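Everything on this sheet refers to the single structure shown next.
Residue numbers (the numbering used here): 727 to 1146.
Below, the structure written as structure tokens:
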């Protein structure tokens, strides 16, 4: 494989991040467009808008289910495939399903398209992380993972507000057309600039599935689903905290979310840098900081200035964990690296559902809209405890190295060739 020029390396990394940007837009913009979709596709909106909008929430659930189903399935079935070729196929599905979401005539078929559009979600982030790690090279793989994930965090600053505005101004279908266009541009950039890394003919679906026998893999999946569920317990109700607890107008909500997105983007990059230096320490420091930010949010977010400060640090500390969790799963999965990277995003979507559900329970119990912050504290503490359990199990397992830095992202069959 010839050495990449700085220009080609930069465009290749940008392309992989742009795909994550498109995923962030298609996943989160739907939440802001639910009233518009419900008004057009479901009956009874004028009589009972709250109930109809709640029914339209099936679109969000369909997407989350698609992520959970698609991540391990694609990772297992594509075991032998070139990572670059897999990225082509996943982006092709994104393009078709996003465009189809804009064209469906009724709610049922739209929900099906949202499910299909979600299937490549976890696998794309998995393969993009591995490709970015290989492009960055030894000693910088954590930063490569962070760059691949950066598109998702940046989408919360620019992409989601833009798609929401476009959908509200011109019709929700145009938002999905915008998403399809983003994925099309990503496809072209990946095609022309990302190196064609070969596949591994020695891999098979059965060899990938063997990774599930490793208890440390399941512990780290639980870390993502439970520990990061603390973030979603808060994120799901930030709009209500802004308007009902803090007393700010609805027009301030996008600014609060953008502040969160800025914090997430910075935290993701810092987390990638730190993961390259000491993966285990990054996770413990990250969880400790995340727990502190959740406590701060719960105590101070009722104040307008405090809200903006709290959500910034909430985004900063939570997203610093993303590259570390992803990197550790890849390391544990070893030869089944794609499976480890992909299943991480299935775990995050389980955490999304878990955090939102538990947060909703304490609100329904009359504890107020800041109460989910304390739910987040409990979930984050459990995530930190699970991290400690995983490290303890690893240290007792003499079959694995205790080195806490770096990733093995190149299959064994290729390591001799590239000197990895």
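Even for Gly, the Cβ is constructed at its ideal location relative to N, Cα and C.
Remember, predicted model here, so these are calculated numbers, not experimental data.
Whole-angstrom distance between residue j and residue i, CA atom to CA atom
| i | j | result |
| --- | --- | --- |
| residue 872 | residue 990 | 11 Å |
| residue 983 | residue 865 | 33 Å |
| residue 817 | residue 860 | 19 Å |
| residue 754 | residue 938 | 30 Å |
| residue 963 | residue 957 | 11 Å |
| residue 919 | residue 765 | 42 Å |
| residue 1076 | residue 1045 | 17 Å |
| residue 714 | residue 1021 | Within the shown structure, residues of the chain are numbered from 727 to 1146, placing residue 714 beyond reach of any answer. |
| residue 985 | residue 933 | 43 Å |
| residue 782 | residue 758 | 12 Å |
| residue 1065 | residue 756 | 27 Å |
| residue 1054 | residue 946 | 8 Å |
| residue 850 | residue 796 | 10 Å |
| residue 1080 | residue 731 | 44 Å |
| residue 1031 | residue 973 | 12 Å |
| residue 862 | residue 889 | 31 Å |
| residue 1155 | residue 909 | In the structure displayed, the chain extends from 727 to 1146; residue 1155 sits before or after that span and is not available. |
| residue 881 | residue 748 | 7 Å |
| residue 924 | residue 761 | 46 Å |
| residue 1034 | residue 887 | 18 Å |
| residue 1091 | residue 1097 | 10 Å |
| residue 740 | residue 1083 | 35 Å |
| residue 825 | residue 834 | 16 Å |
| residue 1108 | residue 751 | 30 Å |
| residue 979 | residue 911 | 30 Å |
| residue 800 | residue 1073 | 15 Å |
| residue 1114 | residue 1007 | 11 Å |
| residue 792 | residue 996 | 30 Å |
| residue 858 | residue 928 | 23 Å |
| residue 1118 | residue 1009 | 14 Å |
| residue 806 | residue 1070 | 20 Å |
| residue 1042 | residue 743 | 19 Å |
| residue 847 | residue 876 | 15 Å |
| residue 1012 | residue 1026 | 21 Å |
| residue 763 | residue 961 | 22 Å |
| residue 994 | residue 1016 | 13 Å |
| residue 999 | residue 868 | 6 Å |
| residue 1036 | residue 1023 | 5 Å |
| residue 819 | residue 1028 | 43 Å |
N-terminal and C-terminal residue of the alpha helix (DSSP H) that residue i is part of
| i | result |
| --- | --- |
| residue 952 | Neither: residue 952 is in no alpha helix (DSSP H) and is coded neither H nor E. |
| residue 1037 | 1030-1045 |
| residue 980 | 979-1001 |
| residue 1120 | 1097-1122 |
| residue 1013 | 1005-1026 |
| residue 907 | 898-919 |
| residue 1077 | 1063-1090 |
Buried versus exposed, by CB contacts within 10 Å (16 or more), residue i
| i | result |
| --- | --- |
| residue 733 | exposed |
| residue 914 | exposed |
| residue 1121 | exposed |
| residue 803 | exposed |
| residue 736 | exposed |
| residue 787 | exposed |
| residue 738 | buried |
| residue 831 | exposed |
| residue 772 | exposed |
| residue 776 | exposed |
| residue 1061 | buried |
| residue 1049 | buried |
| residue 941 | exposed |
| residue 1057 | buried |
| residue 899 | buried |
| residue 1100 | buried |
| residue 976 | exposed |
| residue 813 | buried |
| residue 1144 | Reliability fails at residue 1144, whose pLDDT of 33 lies under 50, so the model's placement of it is uncertain and the value that follows must be treated cautiously. Exposed, by the Cβ-count rule. |
| residue 745 | buried |
| residue 774 | exposed |
| residue 878 | buried |
Residue i beta carbon near the ligand SAH (any heavy atom closer than 7 Å)
| i | result |
| --- | --- |
| residue 834 | The ligand SAH is not part of the structure shown, which contains no ligands of any sort. |
Below-8 Å beta-carbon distance, residue i vs any chain B residue
| i | result |
| --- | --- |
| residue 1013 | Of the protein chains in the structure, only one exists, and it is not chain B. |
> Curious, which full-length beta strand (DSSP E) runs of at least 3 residues does the segment 832-895 contain?
Replying inline: None, since the segment 832-895 contains no complete beta strand (DSSP E) of that length.
> Mind pulling the beta strand (DSSP E) runs of 3 or more residues that sit fully within the segment 749-823?
Replying inline: Runs of the beta strand (DSSP E) inside the segment 749-823: none found.
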